[in-house]
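Residue numbers (our numbering): 70 to 312.
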């Protein structure tokens with residue numbers, strides 16, 4: 070463990086190519102942190118403007134890795150933690166393997182938060198392909214067992230007010246039909262909406278961006294040192310015939 074930084078330096082990476090989304094998340098993060106952290110935001114230089122498919126995720130993983138390595142190379146001082154601000158977390162394993170600093174993903178952070186708030190969580194997220202993709206991701210983390218469902222919200226071409234109305238309907242479905250006692254509203258496009266819904270929903274509503282921001286700050290303040298030799302999720306040992 071290293072010395073705890075007084076004001077942690079954090080890096081936020083948007084896995085898609087939308088500078089507008091990056092700016093929106095940066096503004097939310099600045100409000101969240103106040104004076105508690107120094108924040109830098111970077112946008113993937115190539116890939117999809119909105120990640121919808123496994124192909125988009127595969128391309129974004131390479132772009133995220135390159136963006137992270139460039140940011141680290143450009144930085145005059147080390148980062149204390151990084152946030153991969155993309156709900157599908159493309160490339161997170163490769164970035165963590167570098168051992169530069171703790172790296173927090175939105176989906177994993179949101180689910181870990183939800184598991185501390187209730188027994189059964191349901192995810193509401195944009196995009197028809199995401200239920201299957203997120204199930205694969207969360208099974209890989211060992212976090213899917215208490216998931217009560219994943220509700221996709223189709224938002225193509227909708228303004229934010231219309232999106233918010235559909236998200237509210239999906240959150241109500243998660244509680245009333247799927248028995249959620251915690252609802253995760255996931256994805257950059259929906260960041261900030263849980264705050265608007267909180268008073269009207271009878272269960273905790275987790276904002277995936279805020280969960281990642283909070284956990285990144287917490288890890289930074291722990292002063293944890295990572296290294297390439299000790300990845301966050303080591304592979305399970307393989308037993309030989311003579312074990």
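Don't be surprised by glycine CBs; every beta carbon is placed ideally from N, CA and C.
Relative to the alpha-carbon of residue i, which residue among the options has its alpha-carbon at the smallest distance?
i: residue 138; options: 287, 156, 113, 108; result: 113
i: residue 12; options: 123, 145, 175; result: No answer is possible for residue 12: the residues shown for the chain start at 70 and end at 312.
Roughly how many whole angstroms lie between the Cα atoms of residue i and residue j?
i: residue 128; j: residue 115; result: 8 Å
i: residue 90; j: residue 257; result: 7 Å
i: residue 200; j: residue 156; result: 12 Å
i: residue 263; j: residue 169; result: 32 Å
i: residue 237; j: residue 285; result: 28 Å
i: residue 293; j: residue 171; result: 8 Å
i: residue 190; j: residue 283; result: 19 Å
i: residue 211; j: residue 148; result: 28 Å
i: residue 274; j: residue 267; result: 6 Å
i: residue 213; j: residue 185; result: 14 Å
i: residue 98; j: residue 279; result: 8 Å
With residue i as the anchor, note down where its beta strand (DSSP E) starts and where it stops.
i: residue 95; result: Note, residue 95: premise wrong, no beta strand (DSSP E); alpha helix (DSSP H) at 88 to 102.
i: residue 205; result: Per DSSP, residue 205 belongs to no beta strand (DSSP E); it is in the alpha helix (DSSP H), 199 to 210.
Quick check on residue i: buried or exposed, where buried means 16 or more other Cβ atoms within 10 Å of its Cβ?
i: residue 126; result: buried
i: residue 118; result: exposed
i: residue 225; result: exposed
Residues in the same chain with beta-carbon distance under 6 Å from residue i, minus the five sequence neighbours each way, listed in chain order, please.
i: residue 187; result: 250, 251
i: residue 289; result: 77, 149, 150
i: residue 79; result: 106, 108, 150, 285
Cβ-heavy atom distance between residue i and the ligand FAD below 7 Å?
i: residue 98; result: Absent from the structure shown: the ligand FAD. Ligands present: none.
What are the start and end residues of the alpha helix (DSSP H) that includes residue i?
i: residue 263; result: 262 to 266
i: residue 125; result: 123 to 143
i: residue 110; result: Not the alpha helix (DSSP H): residue 110 falls in the beta strand (DSSP E), residues 107 to 112.
Ignore the nearest five residues each way along the sequence and tell me which others in residue i's own chain have a CB closer than 8 Å to its CB.
i: residue 87; result: 112, 118, 119
To which residues of the same chain is residue i closer than 7 Å at the C-beta, ignoring the five residues directly before and after it?
i: residue 247; result: 191, 217, 218
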